[in-house]
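Residue numbers (my numbering): 1 to 617. Positions of the beta carbon are idealized from the N, C-alpha and C atoms, including for glycine.
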Amino acid sequence: MCGIVGYVGKQKAAPLIIEGLKRLEYRGYDSAGVAVLQDGRFAVAKKTGRVANLEGETAKHRLHGTHGIGHTRWATHGGVTDANAHPHVSSDGKIALIHNGVIENYAHIKKFLLGKGYTFSSETDTEVLCNLIAYHYAKEPAAANGDSRFVESVRKTLRHAEGTYGIVIMALDLPGELVTARKGSPLILGLGDGETLVASDVSAIVSRTQNVVYLKDGEIAHLTPTTCAITTLSSGTVQTVVDKVTWSIADSELGAHAHFMEKEIFEQPTALENAMRGRFAEDGSTARFGGLNITPGEFRTVDRFMFCACGTALHACMVTEHLIERFARIPVECDYASEFRYRNAPLFRNSLFFVMSQSGETIDTLAALREAKRKGYKVLAINNVVGSTIAREADGGIYQHVGPEVGVASTKAFTSQLLIGAMLALYIGRMRDLSFSEGTEIVNALKGTPDLVRQALAQAPHIKAIAKRFAKVTDMLFLGRMSLFPIALEGALKLKEISYIHAEGYPAAEMKHGPIALISEECPSVFFAPNNELFNKVVSSMQEIKARKGPIIAIITEDAELPAGLADEVIRIPRCHEAVLPIVASIPVQLLSYYIAVERGCDVDKPRNLAKSVTVE
Ligand code: M6R
């Protein structure tokens with residue numbers, strides 16, 4: 001949550017920072033602000049609402065300095081007000097700071113600082129950091145260990161800070177210098193030509209440079225236009241490793257689409273092709289992965305898999321559970337990462353852990369990974385963002401390779417997680433009881449996924465019309481069985497996130513144990529009814545809803561036939577292999593949620609109260 005950008009170089013900082021903040025707006029959009037060091041003072045502009053509001057505000061401040069910081073906020077401590085917007089400036093006016101994270105012991109630090117005469121002008125936890133840095137900076141002599149006084153005052157401050165932070169700081173008397181540090185919140189440094197940037201995400205950097213450094217937890221970087229010196233909280237030196245970003249700015253631009261969510265829904269055939277490229281064995285009977293860092297022999301000793309994730313990624317884990325148990329006959333357990341990290345679950349000796357996370361920065365998923373590693377387990381990660389914290393802390397893993405996902409509602413990242421989950425199930429299954437011919441059948445099915453998704457996407461105009469019809473409802477149920485139960489959960493999550501309609505996902509047969517009480521003419525049910533062994537059972541569940549006058553939207557495979565008049569609306573998807581079905585079935589519910597949200601006039605890419613990656617507890 002919160003997006004941060006810092007710039008030091010030769011160009012005017014404010015326009016570059018604002019361009020970066022626009023790309024980071026998905027991380028929070030309660031307020032935005034920028035501070036530029038110019039004419040011997042901090043010129044600060046802040047405004048509640050979107051970065052566009054801030055842009056108007058900055059025009060009044062004539063921001064011409066070449067050294068600045070900016071922030072887009074997802075509020076934690078303190079309401080959505082101009083005063084609580086970042087950057088914050090210390091009460092002695094010497095230090096300006098932006099922060100992504102939560103300082104848990106801020107009350108204690110604040111008390112100390114009030115005693116020292118510092119004052120506070122916001123309700124945020126962040127303001128204690130800039131006042132504490134100012135306090136140490138004022139006291140700090142030239143540092144004994146050769147570090148600058150600036151870095152040392154930040155280091156001293158952070159030794160007292162409990163919680164999470166990604167921070168960027170400017171000192172009034174040090175034009176051309178930034179200090180940045182992280183613990184639990186992502187920070188990436190961009191090393192350009194005579195300029196250095198720092199941001200929460202590469203999308204705010206790639207228009208200036210593709211040379212990046214992923215800062216690690218516990219590291220502090222001292223930046224000038226031409227240098228980048230990294231040390232640790234305990235004063236150790238760190239070798240700077242420069243990586244190259246492989247995607248370009250065009251990947252995170254809207255193009256002809258109205259919303260990123262729409263763009264990403266329609267990108268899915270290509271995204272899936274990218275996610276599976278080069279990942280099938282030459283004999284065509286199994287998958288292969290480059291970065292698992294685990295031998296087939298080690299895999300064979302596993303007698304239980306444990307998957308942890310949050311939100312949409314957890315739904316992808318639940319489908320993967322189904323497929324691993326089907327293809328490999330090994331028990332799988334899925335858990336909310338936020339629960340696993342605290343519940344001290346008894347674990348099997350030969351368990352192998354997976355975490356799934358698009359961003360690779362979700363704090364609960366990261367904590368679950370750390371908890372499993374602390375207990376001595378290997379943890380592998382399925383993750384989209386290259387170089388993310390989760391990717392770096394995992395023992396190995398699989399990248400999704402679908403490019404940046406900007407829409408807060410996950411779509412292409414989800415279907416690629418489903419695809420990778422299916423490939424993993426195949427890979428593990430082929431080490432156990434799946435035969436060569438069963439393996440080739442699954443491989444061929446998986447290779448056909450992008451085309452099947454294209455066919456499902458062709459239903460968009462029909463789904464748009466259905467969305468128009470149901471856009472005013474206040475409740476909706478999503479019902480599916482087996483591997484489509486998690487897709488029902490996902491359909492409900494998508495709808496509530498972006499259209500604010502109350503929605504629930506259930507196993508279709510479970511509906512009569514309670515949720516059926518919600519059924520009325522005003523509460524439609526979306527049923528997944530593929531033509532498989534449970535088709536007639538699902539049809540019976542539909543009859544129970546129909547008997548109570550509940551409208552039905554049925555998503556059926558093209559070879560299925562429903563009793564006449566049972567469904568109010570029918571969406572047909574291509575018939576497909578069970579490994580692929582959850583992917584293809586996801587498309588209509590993504591489109592339905594999207595079109596309903598648009599019809600209701602909702603801000604699809606920036607739903608209220610949400611942020612793309614949840615880096616606070
Ligand atoms: O980046 P992650 O995959 O770890 O994110 C997990 C959830 O926060 C995320 O999937 C969330 O549920 C999405 N907004 C769903 O659309």
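Beta bridge counterpart(s) of residue i as assigned by DSSP
i	result
H222	V179, A229
M306	E333, F353
E569	I553
Y165	G101, G184
N383	S357, Y399
T365	Bridge partners of T365: none, in fact.
K612	DSSP, once it has assigned bridges, lists no residue as partnering K612.
N211	K244
E504	L477
Neighbour-count burial assignment, residue i, 16 or more Cβ in a 10 Å radius
i	result
T246	exposed
D559	exposed
H64	exposed
R23	buried
A517	exposed
P296	exposed
G421	buried
D201	buried
D30	buried
F436	exposed
E561	exposed
P486	buried
A38	As written in the sequence, residue 38 is Gln, which differs from the Ala given in the question. So Q38 ends up on the buried side.
L254	exposed
L493	buried
T301	exposed
Contact test: residue i Cβ vs the ligand M6R heavy atom, cutoff 7 Å
i	result
L610	yes
S357	yes
A313	yes
L493	yes
C310	yes
S153	no
T164	no
A409	yes
E497	yes
V614	yes
T362	yes
T365	yes
Close Cβ partners of residue i (< 8 Å) along its chain, the five nearest in sequence each way excluded
i	result
D173	K94
T232	G218, E219, I220, V238
C228	L189, L191, T196, V213, A221, H222, T240
K10	T66, G194, E195, P225
A391	G360, A381, N383, V385, G397, Y399
E544	M511, K512, I516
Sequence-distant residues of the same chain with beta carbon closer than 7 Å to residue i, five excluded per side
i	result
T226	G194
M356	F307, A309, A313, A316, C317, I382, Q417
G176	V8, H67, T224, P225
F299	I428, M431
R182	Y165, G166, L215, D217, E219
Neighbourhood of residue i by C-beta, 6 Å cutoff - its chain only, sequence neighbours within 5 removed
i	result
F528	G480, L484, I555, A585
L16	Y7
K606	Y29
C576	L452, V584
Q210	K244, V245
S90	C130, N131, A134
A611	M1, R27, G28, W74
E521	K549
Cβ-heavy atom distance, residue i to the ligand GDP, below 7 Å
i	result
D125	In terms of ligand content, the structure shown lacks the ligand GDP and carries the ligand M6R instead.
- Answer yes if the region 329-337 comes into contact with the region 304-313, meaning at least three C-beta pairs across the two stretches below 8 Å, and no otherwise. yes
- Between the region 403-417 and the region 313-322, do three or more beta carbon pairs fall short of 8 Å? yes
- Query: Can at least three beta-carbon pairs, one atom from the region 119-127 and one from the region 177-197, be found at a separation below 8 Å?
  - Reply: no
- At least 3 beta-carbon pairs within less than 8 Å: the region 150-164 vs the region 215-222: These segments touch.
- Message: I'd like to know if the region 561-568 and the region 430-448 are in contact, where contact means that at least 3 CB-CB pairs between them fall below 8 Å.
- Response: no
- Message: Taking 8 Å as the cut-off, does the region 456-473 touch the region 591-601 (at least 3 CB pairs, one atom from each stretch)?
- Response: yes
- Query: Touch check for the region 400-410 and the region 249-260: three-plus C-beta pairs under 8 Å?
  - Reply: yes
- Message: Could you check whether the region 449-456 touches the region 335-353, counting it as contact only if at least three pairs of C-beta atoms, one from each stretch, sit closer than 8 Å?
- Response: A contact between stretches requires three or more CB pairs, one per stretch, nearer than 8 Å, and the region 449-456 fails this requirement with the region 335-353.
- Task: Pair every Cβ in the region 96-104 with every Cβ in the region 157-170, then say whether three or more of these pairs are closer than 8 Å.
- Result: yes
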